[in-house]
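K.L.:
Sending over a structure as C-alpha cells; questions will come in a sec.
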Amino acid sequence: MSVSPRSDVPGDSVSPGRATSLRDRFHSDGLIALGIVAFCGVVYGVTLTLPDLPPMLSSGMGPAIFPRLLLGVMVVLAGVLALLARGKADEEREPIPAMVYWTALAMVAFMGVLWLAGMAVAMVVGFIGIGALWGERRWGLLVGIGLVLSAAIYLMFVKGFGVPLPRGIIGDWLF
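4 is the number of the first residue of the sequence shown in our numbering; add one for each residue after it.
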C-alpha cells in the first residue's frame with residue numbers, strides 16, 4: 004500500500020499524487036551550500052595538479068596553499084549557510100535577472116581575451132565591455148576610465164611589485 008502525501012496538513016504544499024522534488028524536500032540554501040561544497044571539491048582537485056616548489060624557492064605560501072585556504076573558507080561559510088537554513092521556511096525567490104547571466108558570459112569572454120591577448124588588453128576590453136553592458140553610454144568616460152584603471156593596475160603590479168602579468172598567446176608570440 005502506498006501512502007500519498009496529504010495536502011490538508013498546514014504548511015504542506017505537496018498536492019496529492021505529485022512527486023516531491025529536491026526543492027520541496029530540502030531548503031534551497033542547503034542545496035546552494037551543497038553546490039558550493041561540490042564546486043570547492045572540484046577546484047581542490049585541480050590544486051592537487053599544481054607543481055610543488057622546491058623548499059629552497061618557497062617562501063610563504065606555495066601556489067596551491069592560498070587557493071586551498073580560500074576553498075576552506077568557502078566550505079566553512081557554506082556550512083554556516085546550511086546551518087542557518089535549518090528550521091526556516093523556504094521563501095519564494097525572485098527569478099535571477101538576465102543581466103546576471105550576461106555578466107557571467109562577459110567574464111568568460113574576458114578569460115578568453117586574457118588567454119589570447121594577455122592581461123593588458125583584457126583589462127581594457129573588460130572594463131569598457133562591462134561598463135557598456137551595464138548601461139554606461141558616455142563612451143569618452145568609459146574608455147578613459149578603462150585606460151586609466153588598466154594603466155594603474157599595470158604600474159602597480161608590474162612596475163611596483165615586480166609581478167609580471169600574463170601576456171597571452173599573441174603576447175608570447177610577439178615577444
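Beta carbons are placed, not taken as given, at the ideal position from N, Cα and C, and that holds for glycine.
1. Which runs of the alpha helix (DSSP H) fall wholly inside the region 94 to 137 and span at least 4 residues, in chain order?
2. When you compare each of D55, E94, L80 to I68 by their alpha carbons, which one comes out closest?
3. Assign T52 to one of three DSSP states: helix, strand, or coil.
4. Measure the C-alpha to C-alpha separation of I131 and L150 and round it to an integer number of angstroms.
5. Output the distance between the C-alpha atoms of L177 and P70, rounded to the nearest integer angstrom.
6. Between P167 and G121, what straight-line distance do the alpha-carbon atoms span, to the nearest angstrom?
7. Report, in whole angstroms, the separation of the C-beta atoms of L145 and A135, which I expect to be a contact under 8 Å.
8. To the nearest angstrom, report how far apart W142 and A81 are at their CA atoms.
9. Count the other CB atoms within 10 Å of the CB of P169; is the residue buried (16 or more) or exposed (fewer)?
10. Return the chain-ordered list of same chain residues with a C-beta closer than 6 Å to the C-beta of A30, the five sequence neighbours on each side being excluded.
11. Comparing C-alpha positions only, which one of L74, L158, T50 sits nearest to G38?
12. Using the Cα positions of I113 and L86, report the straight-line distance between them to the nearest angstrom.
13. Which term fits M102, buried or exposed, when burial requires 16 or more other beta carbons within 10 angstroms of its beta carbon?
14. Going by the CB atoms, is the gap between G163 and W118 shorter than 9 Å?
15. How long is the line joining the alpha carbons of V127 and G90, rounded to whole angstroms?
16. With distances taken from CA atoms, which of G129, A109, V161, M159 is nearest I148?
17. Do V83 and C43 have their beta-carbon atoms positioned less than 9 Å apart in this structure?
18. Look at the alpha carbon of A105 and the alpha carbon of F160, and state the distance between them as a whole number of angstroms.
P.N.:
Working from what's here:
1. 101 to 120, 122 to 136
2. The residue given as residue 68 occupies position 65 in the sequence shown. For I68, the nearest C-alpha among the options comes from D55.
3. Position 49 of the sequence shown, counting from 1, holds the residue named residue 52. If DSSP states are grouped into helix, strand and coil, T52 belongs with coil.
4. Stepping through the sequence shown from its first residue, residue 131 is reached at position 128. Stepping through the sequence shown from its first residue, residue 150 is reached at position 147. Going from the Cα of I131 to the Cα of L150 covers about 9 Å.
5. As a working note, residue 177 is residue 174 in the sequence shown. As a working note, residue 70 is residue 67 in the sequence shown. Straight-line Cα distance between these residues: approximately 31 Å.
6. To locate residue 167, count along the sequence shown from 1; it is residue 164. To locate residue 121, count along the sequence shown from 1; it is residue 118. Roughly 11 Å between the two C-alpha positions.
7. One-based indexing of the sequence shown puts residue 145 at position 142. One-based indexing of the sequence shown puts residue 135 at position 132. Sure, about 6 Å apart at Cβ, within 8 Å.
8. Walking along the sequence shown from the start, residue 142 turns up at place 139. Walking along the sequence shown from the start, residue 81 turns up at place 78. Straight-line Cα distance between these residues: approximately 40 Å.
9. The residue labelled residue 169 in the question sits at position 166 within the sequence shown. So P169 counts as exposed.
10. As a position in the sequence shown, residue 30 is number 27, starting the count at 1. Checking the sequence shown, residue 30 turns out to be His, not Ala. These residues qualify, in order along the chain: A88, D93.
11. Within the sequence shown, the letter at position 35 stands for residue 38. The shortest Cα separation from G38 among L74, L158, T50 belongs to L74.
12. Counting from one through the sequence shown, the residue named residue 113 turns up at place 110. Counting from one through the sequence shown, the residue named residue 86 turns up at place 83. In the sequence on display, residue 113 carries Phe and not Ile. Whole-angstrom Cα-Cα distance: 35 Å.
13. Taking the sequence shown and counting its residues from 1, one reaches residue 102 at position 99. That one is exposed.
14. Here residue 118 corresponds to residue number 115 of the sequence shown, with the count starting at 1. Here residue 163 corresponds to residue number 160 of the sequence shown, with the count starting at 1. In this structure, G163 does not lie closer than 9 Å to W118 by Cβ.
15. Here residue 127 is taken as the residue at index 124 of the sequence shown, counted from 1. Here residue 90 is taken as the residue at index 87 of the sequence shown, counted from 1. Approximately 47 Å between the Cα atoms of the pair.
16. As a first step, residue 148 must be located in the sequence shown, where it is residue number 145. Among G129, A109, V161, M159, the Cα nearest to that of I148 belongs to G129.
17. Counting from 1 along the sequence shown, the entry for residue 43 is found at position 40. Counting from 1 along the sequence shown, the entry for residue 83 is found at position 80. No, the pair does not count as a contact, with Cβ atoms beyond the cut-off.
18. For the purposes of this step, residue 105 is taken as residue 102 along the sequence shown, with counting starting at 1. For the purposes of this step, residue 160 is taken as residue 157 along the sequence shown, with counting starting at 1. Note on identity: in this sequence residue 105 is Trp, with Ala being the wrong assignment. If I take the Cα positions, the gap works out to 29 Å.
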